[in-house]
Amino acid sequence: MKFGIFFELSVPRPWDDESEHRLYHESLEQVRLADELGFDYVWAVEHHFLEEYSHCSAPELFLTAAAMQTRRIRVGQGIAVCVPQINHPIRIAERAAVLDLLSHGRLDLGTGRSGTWTELGGFDADPDETKKTWDEFVRVIPRMWMEERFGHDGRSFRMPVRAVLPKPYQKPHPPLWVAVTSPGTEVDAAERGLGALGLSTGSLREYEGKIRTYKRLIRDCEPVGAFVNDQIATVNFLFCHEDEAEGVKTGQRLTGTFNYLASQLLSTREAFPTRSYPSLGLLPGPRAEAARRGDDGGPAESIAIGDPARVTRVLERWESTGIDLVNFLLNAAETVPQAQVLASLRLFAKEVMPRFRREAPSAAAGAR
Amino acid sequence: MPLFGTLDVKSRLADAPLLERLDTEPWELPGAEVLHLLYEIDDAAMQTLLPPALHPTIPPTCHLVVTRVPESPAGPFVLAQTRVGCRAGAFQRGLVTRAFCDSPRAASELRHRFGFDVRPARVRLTPRYDRVEAEVALDGRRVLACELVDPLAIGQQDVRYVDVLNLARVVREGEERARLVQVDAVYAIHRADRGRPMLHAFEADAWRAEGLIPRWAVSGSFSRADLTLPRLRFLVDPLRPAFQATERV
Numbered sequence: 001m002k003f004g005i006f007f008e009l010s011v012p013r014p015w016d017d018e019s020e021h022r023l024y025h026e027s028l029e030q031v032r033l034a035d036e037l038g039f040d041y042v043w044a045v046e047h048h049f050l051e052e053y054s055h056c057s058a059p060e061l062f063l064t065a066a067a068m069q070t071r072r073i074r075v076g077q078g079i080a081v082c083v084p085q086i087n088h089p090i091r092i093a094e095r096a097a098v099l100d101l102l103s104h105g106r107l108d109l110g111t112g113r114s115g116t117w118t119e120l121g122g123f124d125a126d127p128d129e130t131k132k133t134w135d136e137f138v139r140v141i142p143r144m145w146m147e148e149r150f151g152h153d154g155r156s157f158r159m160p161v162r163a164v165l166p167k168p169y170q171k172p173h174p175p176l177w178v179a180v181t182s183p184g185t186e187v188d189a190a191e192r193g194l195g196a197l198g199l200s201t202g203s204l205r206e207y208e209g210k211i212r213t214y215k216r217l218i219r220d221c222e223p224v225g226a227f228v229n230d231q232i233a234t235v236n237f238l239f240c241h242e243d244e245a246e247g248v249k250t251g252q253r254l255t256g257t258f259n260y261l262a263s264q265l266l267s268t269r270e271a272f273p274t275r276s277y278p279s280l281g282l283l284p285g286p287r288a289e290a291a292r293r294g295d296d297g298g299p300a301e302s303i304a305i306g307d308p309a310r311v312t313r314v315l316e317r318w319e320s321t322g323i324d325l326v327n328f329l330l331n332a333a334e335t336v337p338q339a340q341v342l343a344s345l346r347l348f349a350k351e352v353m354p355r356f357r358r359e360a361p362s363a364a365a366g367a368r
Numbered sequence: 001m002p003l004f005g006t007l008d009v010k011s012r013l014a015d016a017p018l019l020e021r022l023d024t025e026p027w028e029l030p031g032a033e034v035l036h037l038l039y040e041i042d043d044a045a046m047q048t049l050l051p052p053a054l055h056p057t058i059p060p061t062c063h064l065v066v067t068r069v070p071e072s073p074a075g076p077f078v079l080a081q082t083r084v085g086c087r088a089g090a091f092q093r094g095l096v097t098r099a100f101c102d103s104p105r106a107a108s109e110l111r112h113r114f115g116f117d118v119r120p121a122r123v124r125l126t127p128r129y130d131r132v133e134a135e136v137a138l139d140g141r142r143v144l145a146c147e148l149v150d151p152l153a154i155g156q157q158d159v160r161y162v163d164v165l166n167l168a169r170v171v172r173e174g175e176e177r178a179r180l181v182q183v184d185a186v187y188a189i190h191r192a193d194r195g196r197p198m199l200h201a202f203e204a205d206a207w208r209a210e211g212l213i214p215r216w217a218v219s220g221s222f223s224r225a226d227l228t229l230p231r232l233r234f235l236v237d238p239l240r241p242a243f244q245a246t247e248r249v
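This is the structure in structure tokens:
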């Protein structure tokens with residue numbers, strides 16, 4: 001099982017001139033440490049207008065900085081929003097290729113469509129269309145990378161034949177993923193040969209069913225790219241401390257803050273009646289799990305907070321589901337001081353990570 | 001921490017509904033028709049319309065809701081509400097600024113049982129095949145005129161309504177106190193349409209929503225549903241953050 005860190009870049013009020021600057025640079029410090037400690041991935045989201053919850057509107061720039069300061073860790077755009085009012089597909093392909101070149105072939109590109117009215121409304125995008133445009137984008141982006149010249153006349157955009165440049169460093173192209181939030185998107189991922197990023201189901205048991213479905217369907221998929229990225233990832237929280245009670249207490253502060261900020265936003269489901277958005281907003285699964293009590297009255301058995309022994313038990317449960325990658329949210333709204341975040345990462349790498357390193361971490365499928 | 005409301009609650013209490021009892025019986029309202037329009041509003045009013053207990057939604061919103069009830073313990077009525085979209089802690093809510101009802105008897109019951117700040121007015125909801133029209137007239141002035149244009153059927157489960165909060169005075173332990181009264185209406189939706197919202201008239205002051213300017217149409221729906229206004233379960237102290245100040249009835 002592989003491990004990643006996952007950034008929303010949340011900035012708590014009250015804001016001052018240093019708030020965002022400090023957060024970005026503390027986050028880069030976390031990335032550098034994660035690289036040294038052997039984490040496999042760093043992911044950054046693309047969100048717009050999500051006050052406090054996420055000030056990460058240009059993840060490819062953050063990840064470029066991350067790549068320039070690290071040597072080994074893969075950089076994952078989690079995700080590029082495949083909605084034409086927000087990103088033109090040519091620009092997604094171009095920017096991703098540049099990041100792949102600058103990172104010496106360490107890019108994974110996640111795709112998705114945004115889950116909030118706050119974002120879709122801000123760009124005057126039609127929620128009924130986003131699934132369709134996502135499907136179009138994921139089929140053309142690999143071709144833009146692989147074909148010397150590319151032209152298209154489709155549903156959401158058209159272009160005469162042009163050379164989309166530069167081409168990515170990884171050949172035939174970087175691994176592709178899709179963010180899985182709404183029920184059934186794991187099926188979309190499997191059918192297209194895409195990695196499933198951050199499934200947001202409720203419990204471990206529900207998750208197991210989704211993984212079985214994904215692994216079964218992807219065997220017979222028709223990949224949209226040149227290869228199948230058979231990987232399934234989940235998002236979790238991480239706070240690891242020598243003392244279990246302290247680890248749980250601080251971890252619950254982290255998860256509670258994250259939930260609170262996410263709840264303030266206007267989900268598409270809440271604002272716009274449509275079958276296209278059956279789930280409630282951002283990371284609903286991890287949020288529900290974080291709010292749930294476990295059988296012993298403590299945090300849910302699926303949330304990776306506590307001392308190394310507890311975090312290990314949690315991750316062993318995840319490993320037993322067949323998950324390939326766990327990505328961790330390390331902080332929310334600077335609830336956890338930077339020194340504690342770094343200490344938590346170090347403790348996790350020392351006490352927990354080795355137990356899951358039975359095999360040497362493999363480079364993502366398709367990497368050069 | 002998200003922004004909090006800044007409404008001067010005291011200024012609203014003098015004529016706020018008074019609930020002497022909180023053990024009101026539920027109301028079953030079969031065959032109701034619900035027109036619901038959602039707008040983004042000018043951010044200048046997003047905090048001033050909410051009490052300190054609540055957070056504005058991001059972006060700030062208002063719900064314009066007109067409900068025709070053919071059958072109720074108080075007889076048939078049409079009720080129009082303006083609600084400010086908000087969060088009580090992490091929960092989705094709509095704070096009713098004011099409501100109007102065409103039935104004086106129903107208005108009185110809704111006020112004293114559930115805490116709606118209801119005033120009598122001429123309220124009309126007219127479903128047609130190409131549109132659903134609603135209008136509220138007060139002393140000859142149109143304080144609300146809106147439409148849902150080109151309704152098209154959607155799934156019943158695609159429509160969601162948020163629970164309502166009413167600012168009222170309640171009697172707790174023998175004392176009169178300001179509270180937000182939560183009404184968790186239950187909707188069993190039989191049919192739902194979605195259409196384009198259009199707003200022709202909205203007089204914010206009449207709705208006691210000073211400064212509320214609907215700027216951007218988000219969505220509109222029209223549903224037919226069996227509606228239940230249940231027994232009251234929760235109250236919130238309007239002056240303290242809802243996550244600290246929610247009381248079970």
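So the protein sequences, as listed, match chains A and B. If you number the first sequence the way our numbering does, the last residue is 368 and the count never jumps. If you number the second sequence the way our numbering does, the last residue is 249 and the count never jumps. Where a beta carbon is used, it is the ideal one built from N, C-alpha and C, also for glycine.
Report the rounded CA-to-CA distance for residue i versus residue j, giving the unit in angstroms.
i: A:Pro361; j: A:Arg22; result: With a pLDDT of only 48 at A:Pro361, under the threshold of 50, the placement of this residue in the model should not be trusted; the figure read from the coordinates follows. About 32 Å.
i: A:Asp16; j: A:Glu8; result: 19 Å
i: B:Gly155; j: A:Leu101; result: 46 Å
i: A:Ala65; j: A:Leu342; result: 19 Å
i: B:Ala178; j: B:Cys86; result: 18 Å
i: A:Gly112; j: A:Trp134; result: 7 Å
i: B:Leu165; j: B:Phe114; result: 10 Å
i: B:Phe116; j: B:Leu167; result: 8 Å
i: B:Ala222; j: B:Leu125; result: With the sequence shown as reference, residue 222 of chain B is identified as Phe, and Ala is not the correct amino acid for it. Those two C-alpha atoms are separated by around 11 Å.
i: A:Val439; j: A:Tyr169; result: Nothing can be reported for residue 439 of chain A, as the shown portion of chain A is limited to 1 through 368.
i: A:Gly294; j: A:Gly256; result: 15 Å
i: A:Arg71; j: A:Glu29; result: 14 Å
i: A:Asn236; j: B:Ala90; result: 20 Å
i: B:Arg12; j: B:Thr48; result: 12 Å
i: B:Lys10; j: A:Arg292; result: 37 Å
i: A:Leu37; j: A:Arg346; result: 7 Å
i: B:Ala88; j: B:Phe243; result: 7 Å
In chain D, which residues lie less than 8 Å from residue i when you measure between Cβ atoms?
i: A:Glu270; result: The question asks about chain D, but that chain is absent: this structure's protein chains are A and B.
So who's on the other strand from residue i, going by DSSP bridges?
i: B:Arg39; result: Here the sequence assigns Tyr to residue 39 of chain B, which means Arg is not the residue at that position. Bridge partners of B:Tyr39: B:Cys62 and B:Ala217.
i: A:Met159; result: A:His152
i: A:Lys2; result: A:Leu325
i: B:Phe243; result: According to DSSP, B:Phe243 bridges with nothing at all.
i: B:Ala80; result: B:Val66 and B:Phe100
i: A:Ile232; result: A:Ala196
Buried or exposed, going by whether 16 or more other CB atoms sit within 10 Å of the CB of residue i?
i: B:Val236; result: buried
i: A:Lys350; result: exposed
i: B:Tyr129; result: exposed
i: A:Met68; result: exposed
i: A:Asn327; result: buried
i: A:Phe6; result: buried
i: A:Pro14; result: exposed
i: A:Ala58; result: exposed
i: A:Thr201; result: Legend: pLDDT at A:Thr201 = 49, less than 50; position of this residue unreliable, no value from coordinates given.
i: B:Val65; result: buried
i: A:Arg205; result: exposed
i: A:Arg106; result: buried
i: A:His25; result: exposed
i: B:Asp23; result: exposed
i: A:Gly385; result: With chain A running from 1 to 368 in the structure shown, residue 385 of chain A is simply not present.
i: A:Ser320; result: exposed
Quiz item: Would the segment 238-252 of chain A and the segment 303-317 of chain A be scored as touching if the rule is three or more Cβ pairs under 8 Å?
Solution: Because the criterion of three Cβ pairs below 8 Å is met, the segment 238-252 of chain A and the segment 303-317 of chain A touch.
Practice problem: Entirely within the segment 83-123 of chain B and at least 3 residues each: give me those beta strand (DSSP E) ranges in chain order. | Solution: 91-101 and 118-120
Self-check item: Validate contact between the segment 90-101 of chain A and the segment 207-216 of chain A using beta carbons, cut 8 Å, 3 pairs
Solution: no
Practice problem: Decide if the segment 148-159 of chain A is in contact with the segment 116-126 of chain A; the criterion is three or more beta carbon pairs, one per stretch, under 8 Å apart. | Solution: no
Quiz item: Is it a yes or a no for the segment 231-249 of chain B touching the segment 65-80 of chain B, going by three-plus beta-carbon pairs under 8 Å?
Solution: Not touching, per the Cβ criterion.
Quiz item: Are the segment 52-66 of chain A and the segment 307-324 of chain A in contact at 8 Å, needing three or more beta carbon pairs?
Solution: no
Quiz item: On the three-pair Cβ rule with 8 Å, is the segment 52-61 of chain B touching the segment 135-147 of chain B?
Solution: no
Self-check item: beta strand (DSSP E) runs contained entirely in the segment 290-355 of chain A, provided each spans 3 or more residues
Solution: 304-306 and 325-329
Exercise. Report yes or no: do the segment 15-24 of chain B and the segment 322-341 of chain A share at least 3 C-beta pairs separated by less than 8 Å?
Key: Contact fails: fewer than three Cβ-Cβ distances are below 8 Å.
Quiz item: Considering only residues of the segment 145-219 of chain B, which uninterrupted beta strand (DSSP E) runs meet the minimum length of 3 residues and lie entirely inside it, listed in chain order?
Solution: 163-172, 175-183 and 186-202
Quiz prompt | Sequence ranges, beta strand (DSSP E) only - wholly within the segment 174-229 of chain A, length at least 3 | solution = 176-179 and 195-199
Quiz item: Where in the segment 49-130 of chain A do unbroken runs of the alpha helix (DSSP H), each at least 4 residues long, occur, reported from the N-terminal end onward?
Solution: 59-68, 89-102 and 117-122
Quiz prompt | Three-pair Cβ contact test at 8 Å for the segment 200-210 of chain B versus the segment 98-113 of chain B | solution = yes
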